Every structure is written in structure tokens, then in C-alpha cells.
Amino acid sequence: MFYNFPEIRNIAEVLPSIEGRDEFVVKHDEKNGLKFINYNVNFEDTFPPIKTINDALRRECRGLTFYADTGEIASRPFHKFFNVNERPETMVGNIDWTVGYDTLDKIDGSFFRPIHLRSDDLLWGTKMGETAVAEKANGFLSSTPQMEDLAYEFTRAGMTPLFEFTSRSQRIVIDYGPEDLMRLLAIRENVPGFYKTYAELLEIAERFNVPVVGKLEGSRTIVDLMAHTKDLIGEEGYVISFANGHKAKLKAEHYCLLHKTIDHLRFEKDVIRLILDNKIDDAKPFLNDDYREALDKFAIEIGAGINKTASDVYWLAAEAYDNLNGSRKKFADKIGRDSSLVPLLQFLFRAFTYLEESQENPEAFIFEDIVKHLLKVCNTQRKVDDNRHLFGGSSWYKIIGNPIEE
């Protein structure tokens with residue numbers, strides 16, 4: 001699971017790695033002069049084993065941020081990493097445990113990081129920058145000037161401090177008490193991708209008087225650590241942070257059960273939500289090989305189906321846009337007369353808008369629109385059946401047989 005983190009200086013170095021992969025989106029934040037690259041859905045082949053530079057670059061596309069004017073890198077959050085025993089590279093026997101590591105608390109909150117803007121201001125945001133989730137944390141930051149001091153020092157030096165915000169108003173599963181809290185998780189160098197060690201984090205946190213992620217003390221074998229983590233109650237688990245910067249997750253079984261990740265496999269509507277909500281990682285370590293393979297197969301089929309629908313919608317809209325000289329009225333009249341297009345109308349109109357706005361990679365935005373729509377209809381099986389055409393007609397029950405019993 002260890003490889004050299006790729007150097008990243010400019011967005012032009014990253015874009016080829018996600019070309020043709022509609023699960024990735026490039027968001028242009030015109031207000032702040034930034035571009036964000038993130039993935040919407042994690043399919044089985046979204047993050048393949050590292051064989052090429054593009055494989056390594058894809059794992060960086062989790063909120064990777066660039067200045068829109070020059071394309072230079074502005075912020076580099078965590079690379080994509082996985083659970084122990086989730087995939088071949090993270091199986092216990094395939095990890096080099098002779099590499100030193102710290103066992104850090106896995107915090108069940110909201111990820112935040114500061115981005116140094118061209119104006120010399122700081123933007124505190126999630127993986128996609130300014131979002132509704134960020135508003136609560138920004139209110140908290142106004143009362144903690146030491147966070148700003150830390151952020152300015154390291155962002156100006158070409159690094160990205162990474163934090164986790166916990167609040168009862170934004171509780172995920174674990175209750176961390178009545179007080180809002182922002183903990184320092186890591187600091188990463190933007191260009192080479194190196195991480196500060198935990199010992200360095202402690203020194204920095206003490207200097208700025210900011211809370212830092214906790215560490216599990218004592219020496220344990222990985223077998224003992226896994227047994228200990230499995231039985232945790234009221235905690236999410238741990239992040240194994242290796243000295244070379246690589247990481248792996250260990251999650252408590254009780255936490256995963258609270259998330260209903262395993263129970264979600266009983267019914268197709270819940271499995272689809274699990275896939276589209278990027279929660280497959282949480283379920284896999286607790287599944288046998290048959291269920292893990294079935295989940296991967298269904299995720300690939302759904303991804304391929306959505307990709308095809310997004311491509312079909314784009315080309316239908318693009319052809320009409322060109323032939324009708326960009327007239328929205330003529331476009332509405334044309335597609336309104338074709339009854340076969342009724343199931344795709346909302347996506348066709350959105351595609352037309354993306355063409356009007358000259359959006360980069362409109363197929364990725366169409367893909368995202370389809371995913372958002374499917375997430376809305378996953379509350380009943382009837383609605384899933386009515387929208388099955390959007391993901392290619394694939395069926396979980398044909399893959400798995402019948403709903404999983406207790």
C-alpha cells in the first residue's frame with residue numbers, strides 16, 4: 001500500500017488522470033478564484049492499485065485545490081486511503097508493519113482546512129470549499145484567533161493544515177459533548193505531499209494552543225489492535241498513520257452498525273444509497289468475500305449505467321444545442337415532442353444550461369445530477385424501479401439472489 005506521493009504543482013498535471021472518469025468533478029469557484037477536484041462516487045475501479053502516476057494522482061482528488069488564474073496548487077487535503085482488510089493492498093498480511101506508525105483517533109466529524117487566497121484572506125472550507133456545512137465551523141473560528149494564526153503561518157509556507165470539526169448541531173454518529181471543537185489532524189506540504197509527523201503536530205499544537213487529535217498509547221500487535229478496535233463503543237475507531245505518510249483506517253464494529261452499513265445490504269434501495277453515498281468502504285471490512293465481490297460488481301454496473309446515461313444526455317443536448325443555435329425555446333419544443341425523452345427531461349435541460357455556461361466537463365456535472373436524483377428516490381423500492389433506466393437496468397437482487405437475512 002506504500003508508494004511515493006506524486007509532486008503536484010499545477011492542475012494541468014492532474015486533469016489527464018481523471019479524463020473520461022465522470023465520477024470526478026472540477027468545480028470552479030469564481031468568487032474565490034479557485035478550482036476544486038473531488039470525486040462524487042467511489043466505484044470499484046475509481047482508485048485502482050498504484051501502477052502509474054495517474055493512479056497515484058487520482059487518490060489526491062479529494063478536494064485538491066488550485067488557483068484558477070494560474071492553475072498552481074493552493075491546497076492539498078488527505079490522499080484517499082482505505083480500511084485495513086478492505087482491499088488486497090490493505091490486507092493485514094500485505095502491509096509492511098515494520099514501518100513505524102502512530103495509532104490516532106478517528107474523529108466522527110466534519111473535515112475542514114484553510115486555503116490561502118490571492119487576496120491574502122483565508123477561506124475555511126470542506127473538500128468542495130464554501131458549503132452549508134462550513135457555516136457553523138466558521139462561526140466557531142471567529143472565537144478562536146489562534147486557529148487563524150496557525151493557518152496563516154502554514155498556508156503561506158505552502159502547506160495545508162487539516163482539521164476535524166465536531167458539534168452537536170452537526171453530529172454524525174458519535175456525541176463528543178456539548179462544546180464545539182476543532183482538532184488539528186495533520187499538516188501536509190502542497191507540492192511534495194509529505195505529512196508532518198505526529199510529534200511535530202504536538203509541538204505545533206502546543207505553540208498555537210490548539211487541540212490536536214488524540215493518540216492511542218501503549219504497544220499492541222496489529223491483531224490485538226484490531227480486536228481492541230472492533231469492540232469499541234462510543235468511538236469511531238483509529239487511523240494508523242505511518243511514518244512515511246501513508247494511512248489506513250480501523251473502524252469499530254459498533255460504529256459501523258450504527259451507520260447501518262451492513263444492514264443496508266438487505267434491500268436494493270439501501271445498497272444503491274450505500275454506493276452513491278460513498279459508504280462502501282465502511283461495509284467491506286465486515287463482509288465475507290462473496291458479499292464483497294457482489295457489492296463491487298453492483299457498484300461497477302451502476303457506475304457504468306450512470307456514465308452511459310450522462311453521455312447520452314450530453315450528446316443529445318449538444319446536438320440539439322448546435323442545430324438550434326442555442327435557442328432554449330426551440331430546444332424545449334423539440335424534446336417535448338419526443339415521448340421517449342420524458343424520463344430524461346430534467347437532465348436534458350440541465351445539460352443545456354451547462355452548454356450555455358460553457359462548463360468544463362459537462363458530462364461530469366450531468367453525472368452528479370443523476371447521482372443526486374437517485375439519492376432522492378432511494379427511499380422506496382418503487383421509486384428505484386421507476387428510475388432503474390438511469391443506471392442501466394442493473395439489479396442487486398439478480399446479483400445477490402434475495403434480500404440478505406439477519
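For the sequence shown, our numbering assigns the number 1 to the initial residue and increments by one for each residue that follows.
Yeah, the Cβ is synthetic: ideal placement off N, Cα and C, and Gly gets one too.
Treat the numbers as computed from the prediction; the structure is a model and nothing was measured.
Between residue i and the rest of its own chain, which residues show a CB-CB distance below 7 Å, the 5 nearest in sequence each way excluded?
i, result
"V92", "V84, N85, I222"
"E405", "Its pLDDT being 38, under 50, E405 is placed unreliably by the model, and the measurement read from it follows with that caveat. Excluding sequence neighbours, E405 sits near nothing in its chain."
"S394", "F298, E301, I302, G305"
"F208", "Q146, D149, L150"
"E189", "G158, M159"
Going along the chain, which residues of its own chain have a beta-carbon closer than 6 Å to the beta-carbon of residue i, five neighbours each way excluded?
i, result
"P403", "Here the model assigns P403 a pLDDT of 44, short of 50, so the residue's position is not dependable and the matter cannot be decided."
"S17", "N54, L57, R58"
"D102", "Y198, K215, S241"
"H79", "R59, E60"
"D180", "F140, S167"
"F5", "G193"
With respect to the alpha helix (DSSP H) encompassing residue i, which residues constitute its N-terminal and C-terminal limits?
i, result
"I18", "15 to 18"
"M182", "Run containing M182: none in the alpha helix (DSSP H); it sits in the beta strand (DSSP E), 181 to 189."
"W97", "Segment: none, W97 is in no alpha helix (DSSP H) and carries neither H nor E."
"V26", "It is not in any alpha helix (DSSP H) - V26 instead sits in the beta strand (DSSP E) that spans 24 to 29."
"L57", "53 to 58"
Restricting to Cα atoms, I'd like to know which of the options is closest to residue i.
i, options, result
"E130", "S143, P145, D102, F111", "F111"
"V446", "G336, L185, T380", "Beyond the ends of the chain as shown, which are 1 and 406, falls residue 446; an answer cannot be given."
"N94", "E360, F2, K334, S75", "F2"
"I174", "K334, Y67, C256", "C256"
"A320", "S311, A332, A310, T309", "A332"
"I272", "R118, P114, V377", "V377"
"K383", "E356, E363, P343, K398", "P343"
"H246", "G326, L104, H254", "L104"
"V14", "A68, E60, E30", "E60"
"K31", "I107, L117, H79", "L117"
"F81", "K249, Y291, L355", "K249"
Return yes when the Cβ of residue j is within less than 8 Å of the Cβ of residue i, no when it is not.
i, j, result
"L390", "L374", "yes"
"G63", "K136", "no"
"L232", "A252", "yes"
"E363", "D22", "yes"
"V25", "N42", "no"
"P161", "R113", "yes"
"I50", "R9", "no"
"F66", "K27", "no"
"I366", "A310", "yes"
What are the boundary residues of the beta strand (DSSP E) that includes residue i?
i, result
"T126", "Run containing T126: none; DSSP gives neither H nor E here."
"T103", "101 to 106"
"R113", "110 to 116"
"S75", "73 to 75"
Given 8 Å, three or more beta-carbon pairs between the segment 192 to 204 and the segment 116 to 124: no
At least three beta-carbon pairs within less than 8 Å, the segment 336 to 355 to the segment 311 to 326: yes
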